[in-house]
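In our numbering, each residue's number is its place in the sequence shown (first place is 1) plus 16. For each residue, glycine too, the CB sits at the ideal point set by N, CA and C. The model shown is predicted, which means the values in this text are computed figures rather than measured ones.
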Amino acid sequence: MTSPILLRLVALLVIGVFLTSCKTVDSDQRSSLSSYEGFTPASSGGALIHKGDRSSLKDYTKVYVSDVEILVDVEEGEKTSDAELRQLGVSFESILKEEFGRKYAISRSRGPGVLEVRAALVDVKPNSPAWFLAGYAPGVFVATSALWAATGDNPGSGVTTVQVEVLDSASKERLYAIIDEERGGKHKVRGGLSRWGQAEVSFRKWSQEIVEAVSQP
């Protein structure tokens with residue numbers, strides 16, 4: 017079965033072609049990634065990744081983290097506000113800075129020797145803590161576990177999809193990029209106990225993985 021992330025990537029590629037051919041699009045309009053080329057499936061999990069030249073990573077001592085873009089298309093009737101999405105973006109940016117700050121100096125500007133981290137929230141679905149906890153009830157646990165195994169959906173659990181790339185902030189050469197989706201589940205209890213807990217846990221996981229991916233070889 018085709019991965020939902022692969023389907024989303026194909027859709028984004030189609031949209032990108034349309035936008036670049038449309039004369040009404042502003043010339044300074046930014047896309048979520050500098051390019052959707054060169055991605056391959058990760059060795060484990062469902063992520064798509066792009067790896068650049070690792071030999072140059074030793075030249076960087078600072079990191080500039082751009083504002084997280086919000087590309088979430090909130091459908092009518094969904095109980096997710098613009099304010100919540102903005103706060104999620106701020107939270108992701110803060111976590112990225114915290115994790116990169118363990119190995120790099122955080123810079124306020126781009127320049128030589130500075131990595132640039134660009135991230136975007138593509139899709140988010142909040143947890144429903146009451147539904148999540150109900151899934152642990154006898155009988156319900158069996159039913160919801162079967163649903164998870166069959167469809168990947170767990171009642172009450174959130175979903176978060178992101179795109180992140182790490183660039184040379186001066187030349188804009190891409191050194192690493194990832195497109196990934198995280199779904200909550202019964203084995204991820206801590207993330208299911210609050211409305212945006214799953215998203216926060218995923219932000220931390222991705223930030224740590226990205227830092228490790230661009231660490232000096």
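In the structure shown, R220 falls within a helical segment according to DSSP collapsed to helix, strand and coil.
L183: member of the beta strand (DSSP E) spanning 175 to 184, first to last residue. For R211, there is no enclosing alpha helix (DSSP H), as DSSP marks it with neither H nor E. By the 16-neighbour rule on beta-carbons within 10 angstroms, A186 is exposed. Between D139 and V175, the gap from beta carbon to beta carbon is short of 8 Å.
For L112, the secondary structure class from DSSP, reduced to helix, strand or coil, is helix. Inclusion of E132 and Q224 in the CB contact set at 8 Å is not warranted, their separation being larger than that value. Beyond the five residues adjoining it in sequence on each side, E198 comes within less than 6 Å, by CB distance, of T176, S218 in the same chain, given in chain order. Separation of the CB atoms of L137 and V180 is rounded to 10 Å, and the pair is thereby denied contact status at 8 Å.
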